Amino acid sequence: MKKYLRSILLAAPVVGGLAFVSFRQDDRLFEIARNLDIYATLFKELNAYYVDEINPNLLIKTSIDNMLRSLDPYTVYYAEDDIEDYMTMTTGKYNGIGAMVNSADGKHTVMMVYEDTPAQKAGLQLGDEITKINDIDLSTREDFDTGKLLKGQTQTAVKLTVKRYGNTKPLEITLNRDIVKVTNVPYYGMLNEEVGYIDLKDFTASASREVRNAFQELKGKGMKSVVLDLRDNPGGLLNMAIEISNIFIPKGEEVVSTKGKVSEWNKTYTAYNPALDTEIPVVVLTNNRSASAAEIVSGVIQDYDRGVLIGQRTYGKGLVQTTRDLSFNTKMKITTAKYYIPSGRCIQAIDYSHRNDDGSVGKIPDSLMTEFKTKNGRVVFDGGGILPDIITEKESYSPLAVSLGRNRLFFDYAVKYHFEHPTIKPAKEFQLSDADYAAFTKWLGDKEYDYTTQVERDLKDLEASAKKEKSLEVIEDQLKALKSKLSHSKDNDLQIFKPEIKKILEEEIIKHYYLEKGMREASFDEDPEVKAALALFKDPARYGHILKKK
Numbered sequence: 001m002k003k004y005l006r007s008i009l010l011a012a013p014v015v016g017g018l019a020f021v022s023f024r025q026d027d028r029l030f031e032i033a034r035n036l037d038i039y040a041t042l043f044k045e046l047n048a049y050y051v052d053e054i055n056p057n058l059l060i061k062t063s064i065d066n067m068l069r070s071l072d073p074y075t076v077y078y079a080e081d082d083i084e085d086y087m088t089m090t091t092g093k094y095n096g097i098g099a100m101v102n103s104a105d106g107k108h109t110v111m112m113v114y115e116d117t118p119a120q121k122a123g124l125q126l127g128d129e130i131t132k133i134n135d136i137d138l139s140t141r142e143d144f145d146t147g148k149l150l151k152g153q154t155q156t157a158v159k160l161t162v163k164r165y166g167n168t169k170p171l172e173i174t175l176n177r178d179i180v181k182v183t184n185v186p187y188y189g190m191l192n193e194e195v196g197y198i199d200l201k202d203f204t205a206s207a208s209r210e211v212r213n214a215f216q217e218l219k220g221k222g223m224k225s226v227v228l229d230l231r232d233n234p235g236g237l238l239n240m241a242i243e244i245s246n247i248f249i250p251k252g253e254e255v256v257s258t259k260g261k262v263s264e265w266n267k268t269y270t271a272y273n274p275a276l277d278t279e280i281p282v283v284v285l286t287n288n289r290s291a292s293a294a295e296i297v298s299g300v301i302q303d304y305d306r307g308v309l310i311g312q313r314t315y316g317k318g319l320v321q322t323t324r325d326l327s328f329n330t331k332m333k334i335t336t337a338k339y340y341i342p343s344g345r346c347i348q349a350i351d352y353s354h355r356n357d358d359g360s361v362g363k364i365p366d367s368l369m370t371e372f373k374t375k376n377g378r379v380v381f382d383g384g385g386i387l388p389d390i391i392t393e394k395e396s397y398s399p400l401a402v403s404l405g406r407n408r409l410f411f412d413y414a415v416k417y418h419f420e421h422p423t424i425k426p427a428k429e430f431q432l433s434d435a436d437y438a439a440f441t442k443w444l445g446d447k448e449y450d451y452t453t454q455v456e457r458d459l460k461d462l463e464a465s466a467k468k469e470k471s472l473e474v475i476e477d478q479l480k481a482l483k484s485k486l487s488h489s490k491d492n493d494l495q496i497f498k499p500e501i502k503k504i505l506e507e508e509i510i511k512h513y514y515l516e517k518g519m520r521e522a523s524f525d526e527d528p529e530v531k532a533a534l535a536l537f538k539d540p541a542r543y544g545h546i547l548k549k550k
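For the sequence shown, the UniProt record's numbering assigns the number 1 to the initial residue and increments by one for each residue that follows.
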């Protein structure tokens with residue numbers, strides 16, 4: 001009898017617990033139903049009585065977007081009209097012409113033409129202003145997406161009317177739309193006789209194949225070490241990160257594991273193919289815009305001590321998104337798990353809602369980070385992206401250069417230069433002469449652009465502080481004198497920052513002749529991370545020392 005009573009007493013809390021869980025679940029479902037009913041009632045009243053006509057699709061999407069934004073930045077709703085953009089993001093393909101068009105101030109300007117696309121084959125040029133699409137006058141259209149007019153079914157024709165610099169009459173260009181493939185590897189080549197370079201900018205469905213093909217081709221050209229550039233790579237498909245990691249690590253090694261609310265979805269992913277090369281020295285370049293899948297690859301390389309990371313701390317996105325189909329051909333990309341790289345660390349930023357202006361996670365207190373070990377026993381940390389083995393300073397530009405770029409003056413001058421010079425030297429050889437630079441500064445004479453230097457901002461802050469502390473009168477004369485001496489002169493600054501401005505302008509001009517590939521080639525000589533990688537490969541002892549246990 002005592003045994004029976006004891007079993008009842010042990011069971012009672014369990015039964016009570018189940019009842020409590022059931023109650024809480026029923027309560028939660030009631031709250032969901034209640035709030036959905038309130039929302040539906042509110043929307044009906046709004047639609048019936050609001051003073052102006054409302055757009056129900058736009059209003060609902062706005063409310064959904066704001067709701068999801070309150071959770072995290074990566075849970076996203078795709079309305080039916082956005083499904084093509086979603087497919088482009090995952091497959092790297094779309095039906096269109098292959099040009100990037102910027103719409104601003106009532107003008108629609110071609111900013112980039114991609115290689116082997118209908119736009120390039122038809123002769124569309126950077127700087128062309130599109131005024132009509134299929135005789136639709138764009139000047140009469142407001143609040144529309146030019147890209148949607150340019151996209152369409154394969155082999156359907158689209159007629160563009162464009163204004164081109166140097167032409168008095170508009171040009172008519174007819175293109176046949178085709179499947180445009182967004183390249184994950186826009187450039188690869190040899191930096192010198194022994195060092196290969198692969199620029200990986202995305203992780204769509206063909207990323208692994210593109211990297212493998214580039215790697216094998218470069219090995220055929222004598223590559224003995226490789227630079228994998230993951231800077232500015234926002235990530236993409238998880239399986240592509242696994243396959244690209246597998247290029248460098250052996251079959252069977254763990255690449256990444258995921259853990260979330262739905263335990264059945266938790267999984268550990270391993271390399272399932274033989275590696276292409278487990279010995280070749282590797283340098284991976286990262287910056288604060290290397291995110292998600294790019295962080296998995298760079299983290300795997302670091303955790304297995306398979307290569308050296310050079311650059312800046314990565315973005316810190318250790319979350320996994322799963323796409324769920326919704327009604328009426330809509331979709332939601334929802335955060336379902338966190339991912340963990342081989343050392344066991346999750347590189348998700350501790351607070352992803354507060355970042356620096358440039359998107360970086362900034363300084364993370366040591367007390368908030370946990371220590372992990374690489375395969376060789378090197379110490380690494382979680383909590384805010386991946387810290388490279390060799391840290392380089394983030395490239396910064398003078399206020400003058402920023403202002404010229406923001407006002408599109410580099411681009412506009414390159415359009416003019418392209419018209420006046422039918423050909424230029426190859427990208428690696430092209431340089432502007434002093435006379436060319438003088439012509440550029442003269443052209444800037446009547447252009448509108450301004451900027452504030454850091455010293456001018458500091459003086460303004462000092463003046464504000466003096467006003468607040470009632471001491472402005474004491475230093476007012478000195479402040480005026482300093483302002484007079486330190487007030488920037490555009491002509492002087494164009495000479496002081498000549499090397500920087502000249503280099504940016506050269507790369508912009510090269511882009512107009514040789515597109516993305518040429519611009520990338522032209523940047524290597526001044527690229528701090530590329531230079532650091534080349535220096536490291538010349539010092540094998542240092543390379544090996546970095547990867548050993550400290």
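Cβ coordinates follow ideal geometry from the N, Cα and C atoms, glycine included.
Source: prediction; values computed, not measured.
Cβ-Cβ distance between residue i and residue j below 9 angstroms
| i | j | result |
| --- | --- | --- |
| residue 130 | residue 117 | no |
| residue 528 | residue 395 | yes |
| residue 156 | residue 172 | no |
| residue 340 | residue 256 | yes |
| residue 402 | residue 451 | yes |
| residue 174 | residue 151 | no |
| residue 414 | residue 511 | yes |
| residue 218 | residue 188 | yes |
| residue 281 | residue 307 | yes |
| residue 493 | residue 400 | yes |
| residue 286 | residue 312 | yes |
| residue 297 | residue 225 | no |
| residue 533 | residue 211 | no |
| residue 250 | residue 234 | no |
| residue 432 | residue 509 | yes |
| residue 479 | residue 463 | yes |
| residue 547 | residue 303 | no |
| residue 247 | residue 215 | yes |
| residue 504 | residue 404 | yes |
| residue 71 | residue 77 | no |
For residue i, the first and last residue of its enclosing alpha helix (DSSP H)
| i | result |
| --- | --- |
| residue 86 | 83-91 |
| residue 167 | Residue 167 -> no alpha helix (DSSP H), and no H or E assigned at all. |
| residue 303 | 293-303 |
| residue 468 | 454-468 |
| residue 381 | Element bounds for residue 381: not the alpha helix (DSSP H) but the beta strand (DSSP E), 379-381. |
| residue 216 | 207-220 |
| residue 425 | Note, residue 425: premise wrong, no alpha helix (DSSP H); not H, not E. |
| residue 440 | 434-443 |
| residue 66 | 56-69 |
| residue 489 | Run containing residue 489: none; DSSP gives neither H nor E here. |
| residue 327 | Looking at the DSSP string, residue 327 is not in any alpha helix (DSSP H), and its letter there is neither H nor E. |
| residue 146 | 146-150 |
| residue 543 | 540-546 |
| residue 349 | Residue 349 -> no alpha helix (DSSP H), and no H or E assigned at all. |
| residue 118 | 118-122 |
Element boundaries [beta strand (DSSP E), containing residue i]
| i | result |
| --- | --- |
| residue 309 | 308-311 |
| residue 269 | 267-270 |
| residue 77 | 76-78 |
| residue 373 | 371-373 |
Residue(s) in a DSSP beta bridge with residue i
| i | result |
| --- | --- |
| residue 321 | 335 |
| residue 190 | 196 |
| residue 102 | 109 |
| residue 131 | Looking at the DSSP assignment, residue 131 forms no beta bridge with any residue, so it has no partner. |
| residue 174 | 159 |
| residue 254 | 270 |
| residue 560 | The shown model of the chain, from 1 to 550, leaves out residue 560, and the question about it has no answer. |
| residue 283 | 227, 308 |
| residue 402 | For residue 402, which the question treats as bridged, DSSP gives no partner whatsoever. |
| residue 203 | 236 |
Cβ distance (whole Å) where residue i is taken to contact residue j below 8 angstroms
| i | j | result |
| --- | --- | --- |
| residue 180 | residue 94 | 6 angstroms |
| residue 165 | residue 123 | 14 angstroms between Cβ atoms; not a contact. |
| residue 103 | residue 146 | 5 angstroms |
| residue 484 | residue 507 | That pair is no contact at about 36 angstroms. |
| residue 107 | residue 376 | Between residue 376 and residue 107 the Cβ distance is about 56 angstroms, and since that is not below 8 angstroms, they are no contact. |
| residue 258 | residue 337 | 4 angstroms |
Chain D contact for residue i (CB, 9 angstroms cutoff)
| i | result |
| --- | --- |
| residue 330 | Absent from the structure: chain D. Only one protein chain is present. |
Three-pair Cβ contact test at 8 angstroms for the segment 225-239 versus the segment 195-207: yes
Given 8 angstroms, three or more beta-carbon pairs between the segment 309-329 and the segment 292-301: yes
Segment contact, 8 angstroms Cβ cut-off, at least three pairs: the segment 342-350 with the segment 381-389: yes
Three or more C-beta pairs below 8 angstroms linking the segment 421-441 and the segment 512-523: yes
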